[in-house]
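Trainee: Dumping the structure here so I can ask a few things about it.
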Amino acid sequence: MDARAPSRYGEVYAAWKADPAGFWGEQAKAVDWITPPRAVFDPDQGAYGRWFVGGVCNTCHNAVDRHAASRPDQAAIIYDSPVTGTKRRISYAQLKEEVATFAAVLQDLGVEKGDRVIVYMPMVPEAAIAMLACARIGAIHSVVFGGFAAKELATRIDDCHPKVIVSASCGIEGSKVVAYKPLLDGAIDLSVAKPQACVILQRPQADASLVPGRDHDWAGLVAHARAAGRQADCVPVAATDPLYVLYTSGTTGKPKGVVRDNGGHMVALAWSMANLYGMRPGDVFWAASDVGWVVGHSYIVYAPLIAGVTSILYEGKPVGTPDPGAYWRVISEHGVNALFTAPTAFRAIKKEDPNAEHLKRYQLPTFRTLFLAGERADPDTVVWAETILGVPVIDHWWQTETGWCIAGNPVGLGALPVKPGSPTVPMPGYDVRIVDEGGRDLPANTMGSIVVKLPLPPGSFPTLWQQEERFRESYLAQFPGYYSTSDAGFVDDDGYLYIMGRTDDIINVAGHRLSTGGMEEVLSSHPDVAECAVIGMADQLKGEVPCGFVVLKAGVNKRPDEVEKELVALVREKIGPVAAFKLAIAVSRLPKTRSGKILRGTMKKIADGGEWSMPATIDDPAVLAEIEEALKDRR
Numbered sequence: 001m002d003a004r005a006p007s008r009y010g011e012v013y014a015a016w017k018a019d020p021a022g023f024w025g026e027q028a029k030a031v032d033w034i035t036p037p038r039a040v041f042d043p044d045q046g047a048y049g050r051w052f053v054g055g056v057c058n059t060c061h062n063a064v065d066r067h068a069a070s071r072p073d074q075a076a077i078i079y080d081s082p083v084t085g086t087k088r089r090i091s092y093a094q095l096k097e098e099v100a101t102f103a104a105v106l107q108d109l110g111v112e113k114g115d116r117v118i119v120y121m122p123m124v125p126e127a128a129i130a131m132l133a134c135a136r137i138g139a140i141h142s143v144v145f146g147g148f149a150a151k152e153l154a155t156r157i158d159d160c161h162p163k164v165i166v167s168a169s170c171g172i173e174g175s176k177v178v179a180y181k182p183l184l185d186g187a188i189d190l191s192v193a194k195p196q197a198c199v200i201l202q203r204p205q206a207d208a209s210l211v212p213g214r215d216h217d218w219a220g221l222v223a224h225a226r227a228a229g230r231q232a233d234c235v236p237v238a239a240t241d242p243l244y245v246l247y248t249s250g251t252t253g254k255p256k257g258v259v260r261d262n263g264g265h266m267v268a269l270a271w272s273m274a275n276l277y278g279m280r281p282g283d284v285f286w287a288a289s290d291v292g293w294v295v296g297h298s299y300i301v302y303a304p305l306i307a308g309v310t311s312i313l314y315e316g317k318p319v320g321t322p323d324p325g326a327y328w329r330v331i332s333e334h335g336v337n338a339l340f341t342a343p344t345a346f347r348a349i350k351k352e353d354p355n356a357e358h359l360k361r362y363q364l365p366t367f368r369t370l371f372l373a374g375e376r377a378d379p380d381t382v383v384w385a386e387t388i389l390g391v392p393v394i395d396h397w398w399q400t401e402t403g404w405c406i407a408g409n410p411v412g413l414g415a416l417p418v419k420p421g422s423p424t425v426p427m428p429g430y431d432v433r434i435v436d437e438g439g440r441d442l443p444a445n446t447m448g449s450i451v452v453k454l455p456l457p458p459g460s461f462p463t464l465w466q467q468e469e470r471f472r473e474s475y476l477a478q479f480p481g482y483y484s485t486s487d488a489g490f491v492d493d494d495g496y497l498y499i500m501g502r503t504d505d506i507i508n509v510a511g512h513r514l515s516t517g518g519m520e521e522v523l524s525s526h527p528d529v530a531e532c533a534v535i536g537m538a539d540q541l542k543g544e545v546p547c548g549f550v551v552l553k554a555g556v557n558k559r560p561d562e563v564e565k566e567l568v569a570l571v572r573e574k575i576g577p578v579a580a581f582k583l584a585i586a587v588s589r590l591p592k593t594r595s596g597k598i599l600r601g602t603m604k605k606i607a608d609g610g611e612w613s614m615p616a617t618i619d620d621p622a623v624l625a626e627i628e629e630a631l632k633d634r635r
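For the sequence shown, full-length UniProt numbering begins at 1 and goes up steadily by one.
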């Protein structure tokens with residue numbers, strides 16, 4: 001699809017708004033149904049209604065079996081692991097055989113329809129195979145990011161009560177081997193809900209000791225099933241049955257388990273691959289994320305396979321495995337048509353290679369589009385990426401809870417003009433509003449809370465795992481009739497949406513509501529800044545004052561304090577004295593989760609001198625010590 005073609009977005013969005021049930025009923029024809037739904041939407045079920053009620057289907061059939069029949073030799077998954085030097089091509093026919101065999105292994109361990117299976121694995125093909133095997137037999141998978149601390153894993157075990165846990169001996173973070181089995185054993189010791197069995201994939205980089213009677217070797221079980229000719233068939237499930245439970249990152253206490261259903265999930269993802277990402281069967285799509293996050297669920301495993309697309313499964317980093325040209329090598333070598341990654345990945349590449357020298361080593365003739373999501377895509381990073389790549393750079397916005405894009409630029413319908421700093425416009429299914437604290441609509445260009453008019457579209461979560469009341473209180477109670485995104489922003493005169501940060505990232509400086517995202521936009525425009533984060537610090541006089549942390553690009557010749565002074569002056573020039581921006585601090589790295597999100601909340605607690613705990617999702621705990629030390633000298 002030519003991203004420069006005239007856009008059909010307006011007519012498609014209008015068609016959805018005029019007849020939502022008719023629109024989604026038509027899109028449902030893109031997937032195979034065992035029994036067609038009796039109702040596209042039933043408003044009387046669940047907290048806000050349910051999609052495709054009465055429908056019977058199987059997600060694994062739609063992602064694997066139907067393509068194994070029609071395109072058996074096409075690559076379904078290309079595994080590329082620079083950290084181990086391993087590459088593997090798995091065709092749709094091969095994927096069907098591996099998934100059906102492992103599904104039989106799970107059945108032999110007693111897993112039945114409706115049972116839960118935790119998948120605690122690194123970025124290896126077996127992780128996707130385990131997820132699809134669960135979908136095949138109607139089991140509900142819950143993927144927990146590999147390497148999560150034992151305590152955090154234990155809370156998830158106790159919440160979903162898995163019959164089986166599938167794990168690996170280790171994961172690899174850059175050059176570091178992280179042993180998973182001691183973490184898994186520790187989590188099981190801490191948990192009340194003990195699994196009946198664990199299946200462990202032994203990797204060459206580490207050998208895990210198995211607990212007799214509980215733990216089983218992946219390779220041994222699969223070999224035994226193959227020798228016995230065991231393969232599981234697809235089990236029919238209701239469209240409204242859960243496909244998976246995914247716990248939101250960084251939870252403390254009782255975690256929030258986001259539930260995803262089977263029918264609506266497939267329909268929404270099929271629509272998004274064709275119309276948002278512009279992907280067609282046979283194309284190559286790369287979501288540079290992890291299966292432990294929602295992006296990995298939606299756009300490494302399910303959406304590409306449902307659409308008959310080849311999916312890249314990458315075990316590595318944007319820099320350091322081995323250099324800032326890692327992404328360009330993968331795109332060039334595997335003929336990638338579209339890359340979906342977090343803005344922080346491109347900020348890391350820009351920091352290490354600001355002039356894109358590594359890109360000159362590769363040709364990218366197949367590459368059409370870069371998609372960014374997960375954190376706000378600052379305009380400077382968008383423009384830098386557009387300049388070096390010469391392709392459209394599409395920012396889009398969505399959440400773990402929604403499972404797919406709320407607002408984006410639909411390349412498959414013909415891309416709209418890009419406005420750096422905006423993820424563009426709402427997708428069909430999302431009636432996005434900007435409201436004040438009382439839930440009243442605000443005029444264009446006025447910042448407020450971003451909400452979505454109910455019902456949420458297919459693919460969005462219908463509830464939290466066994467916490468219906470918490471679901472209503474957390475997401476639906478604050479603005480009756482709407483889903484609260486907990487994000488803040490505004491809509492401009494052209495209907496373009498701007499996400500300026502979480503609602504708790506809007507700071508109150510002497511009575512003025514100011515966006516930390518707007519200040520970050522100014523800081524990131526400085527030629528020496530690779531990435532930045534702005535937080536609000538408690539202040540006795542003004543209530544809050546902003547503090548900016550910046551990471552400088554490689555090769556900057558100025559002293560850090562010189563750049564800091566320039567940044568203070570720049571914010572004063574661009575936003576004005578009202579921002580009271582007087583503190584910029586250069587640091588070597590920003591604290592982030594493994595998915596690339598900056599831990600602004602923890603940074604704020606440190607800045608305010610309050611109590612804080614080490615986040616379970618942090619990629620490098622040492623970074624917070626640097627933040628703490630820097631603030632001690634400046635506060």
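Cβ atoms here follow ideal geometry from the backbone N, Cα and C, with glycine treated the same way.
1. Looking at the strands, I want to know which residues DSSP matches up with M537.
2. Suppose only complete runs of 4+ residues qualify. What are the alpha helix (DSSP H) ranges in the stretch 92 to 125, listed by chain order?
3. Under 8 Å, with one C-beta from each stretch per pair, do the stretch 592 to 600 and the stretch 614 to 628 reach the 3-pair mark?
4. How big is the Cα-Cα spacing for A307 and D32?
5. Is it the case that the Cβ atoms of M123 and E315 are separated by a distance below 8 Å?
6. In whole angstroms, what separates the C-alpha of T252 from that of V166?
7. Measuring CA to CA, which of I388, G335, L109 is closest to F346?
8. Can you tell me whether V452 is helix, strand or coil according to DSSP?
9. Quick one: what's got a C-beta closer than 6 Å to G138's C-beta in the same chain, skipping five residues either side?
10. For a cutoff of 8 Å on Cβ pairs, would you count M447 as touching chain D?
11. My parser needs the alpha helix (DSSP H) runs of 4 or more residues fully inside the stretch 377 to 450; what are they?
12. Tell me the DSSP secondary structure of H297 in three-state form.
13. Unbroken alpha helix (DSSP H) runs of length 4 or more, entirely within the stretch 29 to 80: which are they?
14. Quick check on A569: buried or exposed, where buried means 16 or more other Cβ atoms within 10 Å of its Cβ?
15. Using the DSSP secondary-structure output, state which residues sit across from L305 in a beta bridge.
16. Taking Cβ to Cβ, would you say A63 is nearer than 8 Å to L132?
17. Answer with buried or exposed for V452, where buried requires no fewer than 16 other C-beta atoms within 10 angstroms of its C-beta.
18. Assign V498 to one of three DSSP states: helix, strand, or coil.
19. Bridge partners for T86 per DSSP, in chain order?
20. Assign L184 to one of three DSSP states: helix, strand, or coil.
21. Reducing DSSP to helix, strand and coil, say where residue 644 ends up.
22. If you draw a straight line from the C-alpha of P318 to the C-alpha of T35, how long is it?
23. How is the beta strand (DSSP E) around D487 delimited, first residue to last?
24. Between E611 and the rest of its own chain, which residues show a CB-CB distance below 8 Å, the 5 nearest in sequence each way excluded?
25. Can you give me the C-alpha to C-alpha distance between W51 and A21, rounded to a whole angstrom?
26. In the DSSP assignment, what residue or residues form a beta bridge with S142?
27. Taking the beta strand (DSSP E) that W286 falls in, what are its first and last residues?
28. Return the chain-ordered list of same chain residues with a C-beta closer than 7 Å to the C-beta of R203, the five sequence neighbours on each side being excluded.
29. By the three-class DSSP mapping on this structure, what secondary structure does A3 have?
30. Along the chain, where does the beta strand (DSSP E) containing A150 start, and where does it finish?
31. Tell me the DSSP secondary structure of I575 in three-state form.
32. Counting Cβ pairs closer than 8 Å, one from the stretch 581 to 591 and one from the stretch 619 to 632, do we hit at least three?
33. Cβ of H216 within 8 Å of Cβ of A197?
34. Does DSSP classify H216 as helix, strand or coil?
35. Taking C-alpha atoms, which residue in F148, A135, K256 lies nearest to Q466?
36. Please confirm whether T369 and A338 have their CB atoms less than 8 Å apart.
Mentor: So, from the listed chains and residues:
1. Paired residues: V545.
2. Assignment of alpha helix (DSSP H) within the stretch 92 to 125, counting only whole runs of 4 or more residues, yields 92 to 108 in chain order.
3. Here the stretch 592 to 600 lies against the stretch 614 to 628, with 3 or more beta-carbon pairs under 8 Å apart.
4. Approximately 12 Å, taken between the alpha carbons.
5. Result yes, Cβ atoms of M123 and E315 sit closer than 8 Å.
6. For T252, the pLDDT reaches just 42, beneath the cut-off of 50, and the residue's location in the model is therefore unreliable, leaving the point undetermined.
7. Ranking the options by Cα distance to F346, first place goes to I388.
8. If DSSP states are grouped into helix, strand and coil, V452 belongs with the strands.
9. If we look at G138 and ignore the five residues flanking it on each side, its Cβ neighbours are K113, V235, V237.
10. The chain labelled as chain D is not found in the depicted structure, where only one protein chain is given.
11. List check, alpha helix (DSSP H) in window: 379 to 389.
12. DSSP places H297 in the helix class (H, G or I) of the three-state scheme.
13. Counting only runs of at least 4 residues, the stretch 29 to 80 fully encloses the following alpha helix (DSSP H) elements, listed from N- to C-terminal order: 66 to 70.
14. Within 10 angstroms of the beta-carbon of A569 lie fewer than 16 other beta-carbons, which makes it exposed.
15. Under the DSSP definition of a beta bridge, L305 lacks any partner.
16. Cβ distance < 8 Å, so A63 and L132 count as in contact.
17. Looking at its Cβ environment, which holds 16 or more other Cβ atoms inside 10 Å, V452 is buried.
18. The identity of residue 498 in the sequence shown is Tyr, whereas the question assumes Val. For Y498, the secondary structure class from DSSP, reduced to helix, strand or coil, is strand.
19. According to DSSP, which records beta bridges pairwise, T86 is partnered with S81.
20. Reduced to three states, the DSSP call for L184 is helix.
21. Only positions 1 to 635 of the chain appear in the structure, and residue 644 is not among them; the question remains open.
22. The straight-line gap from Cα to Cα measures roughly 44 Å.
23. Per DSSP, D487 belongs to the beta strand (DSSP E) from 482 to 491.
24. Within the same chain, and ignoring the five residues on either side of E611 in sequence, the residues whose Cβ sits closer than 8 Å to its Cβ are K605.
25. If I take the Cα positions, the gap works out to 9 Å.
26. In DSSP, S142 forms a bridge with I118.
27. DSSP places W286 in the uninterrupted beta strand (DSSP E) bounded by 284 to 287.
28. Closer than 7 Å at Cβ, skipping near neighbours: A168, S169, C170.
29. With a pLDDT of only 44 at A3, under the threshold of 50, the placement of this residue in the model should not be trusted, and no figure is reported.
30. A150 -> not in any beta strand (DSSP E); alpha helix (DSSP H) instead, spanning 150 to 160.
31. In this structure, I575 counts as coil in the three-state DSSP scheme.
32. Touching, per the Cβ criterion.
33. Taking 8 Å as the Cβ cut-off, H216 and A197 qualify as a contacting pair.
34. Three-state result, H216: strand.
35. That would be K256, whose Cα lies nearest to the Cα of Q466.
36. Yes.
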